[in-house]
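The structure under discussion appears below in the form of structure tokens.
2 protein chains.
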Amino acid sequence: MTLRIAEIFGPTIQGEGALIGQPTVFIRAGGCDYRCSWCDSMHAVDSRFRHEWLPIQADQIMAEVEHLSGHQPLMVSISGGNPAIQDFTPVIALGKARGYRFACETQGSVARDWFSDLALLVLSPKPPSSGQVVDWTAFDACISAAKGAETVMKIVIFDQRDLDWARDTAARYPDLPLYLQPGNSETDPSKPVDPQHLADRMLWLVDQTVGQGWLRPRILPQLHVLIWGNKRGV
Amino acid sequence: MTLRIAEIFGPTIQGEGALIGQPTVFIRAGGCDYRCSWCDSMHAVDSRFRHEWLPIQADQIMAEVEHLSGHQPLMVSISGGNPAIQDFTPVIALGKARGYRFACETQGSVARDWFSDLALLVLSPKPPSSGQVVDWTAFDACISAAKGAETVMKIVIFDQRDLDWARDTAARYPDLPLYLQPGNSETDPSKPVDPQHLADRMLWLVDQTVGQGWLRPRILPQLHVLIWGNKRGV
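Line by line, the protein sequences give chains A and B. So the first sequence is numbered by the numbering used here: it starts at 824 and just counts up by one. So the second sequence is numbered by the numbering used here: it starts at 824 and just counts up by one.
Structural data, given as structure tokens:
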């Protein structure tokens, strides 16, 4: 059985969310059931890029992860696209046997048994600005599938409407640790990123949450965008 | 009994280390046994500013924290200066009774029984560029004093010599979670901070650690400097 993989890269630091700053190798799965208006990984989503998604066996994937990490076990992040549309059971089993730990980031539209093998499941329900509509029954099934695995929720915020939506969503899941991050409206990898603009977006989001007395979410930027812009493979 | 407090401010987000992004009220203690060459909080260190350090009772401190947080329990960070030269036992006891949790950041030169009452003890041994010399016996006493409290190590890195020192220090404490952050060489609150420069310092530090196969430390910037520059009270 093969998986469609858009890229495997690292080790670099995790740029966002609960594991921010942590040395990580990334496995980016090809294919997605969503089409977010502001998607920053269209090369792993749009079927136009399908010829770039190599069909690759689980043992070949782990061989590449081990090669990149110099055989030092570390955190492996499975992202996409939506990695949950494929079966990562064998990759995780091989990796865990060698001391690697796995995190997965998914929107929460497809539940998988292998979520329970993760060290961390990051569920990122997409806010209204994405143009997508969340299926909450599927989302709840993802939480159930994680069983004992640590599960957190991360929501990208582009505007006030997204923020209002995030508050409603947070209220629905009072027990999930919550991370918010300002959306990145510049997704063209050839264009430079303005660090001051990223700082301004963070300031706005902190003002609109902590500054308004909403003290639950942790507010974090996308460090990789600050450091490397929208370049791929870092 | 009163404590000398340079400032109490927030809620804002924790800008660095293990709790990065977390809504926090800060209690900055006045007074320090160190004089780091690049200290970014001289207003809480240099005795020139001593007249600004209000002698204040524990219940008044907690009253101010509760006022600032709108009586919503949250994380309180005790920093300085070196807060360990004073006795925060009564502040922490009052706060914990009301649901607040406490983190403390100290260089590890003075051990205190109240470390064991913390949710998180951040030990920041100062590298060679600081001009200070670490007393490792005192540092070990801090780790012992924390008992069950979660303890992490954070080291600020200005140059290659600091980084070599951090690797040796990390090897001495294999069980402490480790955070590295690039040093901020511009500490004048009236001067603007260049976000691109901060991004470049992060890139250097990631290259010199993860890029060289050192996969243990988490690498994080000072978000508050990115967002607010060197302004006080944010």
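Quick reminder that beta carbons are idealized off the backbone N, C-alpha and C, glycines included.
Nearest-angstrom beta carbon gap, residue j and residue i [assumed within contact, 8 Å]
i	j	result
residue 903 of chain B	residue 855 of chain B	6 Å
residue 908 of chain A	residue 933 of chain A	6 Å
residue 843 of chain B	residue 1043 of chain A	7 Å
residue 1018 of chain B	residue 1022 of chain A	5 Å
residue 888 of chain B	residue 850 of chain B	7 Å
residue 852 of chain A	residue 826 of chain A	7 Å
residue 926 of chain B	residue 941 of chain B	6 Å
residue 938 of chain B	residue 968 of chain B	4 Å
residue 836 of chain B	residue 956 of chain A	Not a contact, Cβ separation roughly 31 Å.
Three-state class that DSSP yields for residue i in the structure shown
i	result
residue 955 of chain B	coil
residue 875 of chain A	helix
residue 1048 of chain A	helix
residue 1014 of chain B	coil
residue 859 of chain B	coil
residue 830 of chain A	strand
residue 950 of chain A	coil
residue 824 of chain B	coil
residue 887 of chain A	helix
residue 1031 of chain A	helix
residue 880 of chain B	strand
residue 899 of chain A	strand
residue 1024 of chain A	helix
residue 1040 of chain B	coil
residue 836 of chain B	strand
residue 914 of chain A	helix
residue 908 of chain A	helix
Residue i: contacting residues in chain A (beta-carbon distance under 7 Å)
i	result
residue 1041 of chain B	844, 845
residue 893 of chain B	1036
Within chain B, the residues that residue i reaches when beta carbons sit closer than 9 Å
i	result
residue 835 of chain A	1029, 1033, 1034
Contacts of residue i in chain A (Cβ-Cβ under 8 Å)
i	result
residue 1050 of chain B	1022, 1025, 1026, 1029
residue 1044 of chain B	1046, 1049
For residue i, the nearest candidate out of the options (CA to CA)
i	options	result
residue 1025 of chain B	A:1028, A:1032, A:1047, A:1022	A:1047
residue 952 of chain B	B:826, B:989, B:866, B:1042	B:989
residue 845 of chain B	B:999, B:828, B:1041, B:834	B:834
residue 1039 of chain A	A:905, A:977, A:876, A:1013	A:977
residue 900 of chain B	B:1034, B:893, B:935, B:915	B:915
residue 1006 of chain A	A:1033, A:950, A:1035	A:950
residue 878 of chain A	A:824, A:1003, A:983	A:824
residue 996 of chain B	B:927, B:871, B:946, B:897	B:946
residue 1009 of chain B	B:868, B:985, B:1052	B:1052
residue 890 of chain B	A:1049, A:1036, A:1012, A:1050	A:1036
residue 921 of chain B	B:897, B:929, B:940	B:897
residue 1031 of chain B	B:983, B:861, B:876, B:831	B:983
residue 832 of chain A	A:874, A:981, A:863, A:886	A:886
residue 1015 of chain B	B:880, B:874, B:871, B:1049	B:1049
Listed by chain order, chain B residues near residue i by CB distance under 7 Å
i	result
residue 877 of chain A	Residues of chain B passing the Cβ test: none, with the nearest at roughly 25 Å.
residue 1018 of chain A	1018, 1019, 1022
residue 897 of chain A	1038
Please specify which runs of the beta strand (DSSP E), each continuous and at least 3 residues long, are wholly inside the region 935 to 1005 of chain A, giving them in chain order.
-> 943 to 946, 973 to 980, 1001 to 1005
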